[in-house]
Every structure is written in C-alpha cells, then in structure tokens.
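Engineer:
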Amino acid sequence: MEIWVNPACSKCRSAVQLLDEEGADYTVRRYLEDPPDTDELRAVLDRLGLEPWDIVRTQEAEAGELGLKAWPREPAERERWIGALAAHPRLIQRPIITADDGTASVARSEDAVRDALTRRA
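Be aware that the sequence shown starts at 0, since it is given in numbering that gives the first Met the number 0, and climbs by one per residue.
#1: Look up A111 in the DSSP assignment and say whether it is helix, strand or coil.
#2: From A69 to A86, what does the alpha carbon distance come to, in whole angstroms?
#3: Taking the Cβ atom as the reference point for each residue, do P35 and V43 lie within a distance shorter than 8 Å?
#4: I'd like the span of the beta strand (DSSP E) that includes V55, first residue to last.
#5: Expressed to the nearest angstrom, what Euclidean distance is found between the alpha-carbon atoms of A62 and L90?
#6: Which residues mark the beginning and the end of the beta strand (DSSP E) in which W3 is found?
#7: Return the Cβ separation of M0 and D99 in integer angstroms, given the expectation that the two are a contact with Cβ distance under 8 Å.
Here is the structure:
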C-alpha cells in the first residue's frame, strides 16, 4: 500500500495517523517532492476508475493560471489533463491510497482510508 501525501495537508496527516493507528504496512510518497510521471498518473487513474479532471484541485492558483475550468472534460483531452497533473503535481487531489488489491482511492475521509485498509490482494 502506498499513500500519496502533501505533509501540509490536514487530510493527508489524518490519513497517515489512521494508517499508523491501524498498524498498516504502507509507504509514504511525498508527491510534491517525488511527482508522478504521466505513466504513473495513467496507472493510478485506471486504479481509481476516474478521469484526470476528477482528481484536479481546481481551487489551486495553478489551476486558475492554466485556465483548467475552461478545459474540455472529454476523452480527446485526457492526455492534456494528465500532462498538466504531471507538470503541476500540486493540482493532484490528496491523499491517494493505492491498495494492495490493485485498486486506489482518494482517501479524504476516514471511511475511505478504512476501506482501503480492507482491500487485500
């Protein structure tokens, strides 16, 4: 199990605390320091069952600078969105947990973290 975190994010800190309390075996990835490349983002999106625009933090200043709210949300634009996330990892919603069974979740709630803990290979 891996969790993508921004240590400054309270949701990330809460998720890590819960994983620790539950004795989970996991790896922390500080994705702002070690950003995912486009291939990793495609893989995580597949595991999430989401499109890149579904995990964008549109309130970030970078989103405004890029004009993301006006970008089309359609399959033909998928790679453009993935490229933006790779180039600007601050735009990635957090925390993301990749579970042992091959799935992933945006674990912004305690329930989502607990659900990820139940997923075993």
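Positions of the beta carbon are idealized from the N, C-alpha and C atoms, including for glycine. Predicted, not measured: the structure shown is a model, and the values here were computed from it.
Structural biologist: Based on what the coordinates show:
#1: helix
#2: 18 Å
#3: Yes.
#4: It is not in any beta strand (DSSP E) - V55 carries neither H nor E in the DSSP assignment.
#5: 7 Å
#6: 1–4
#7: 6 Å
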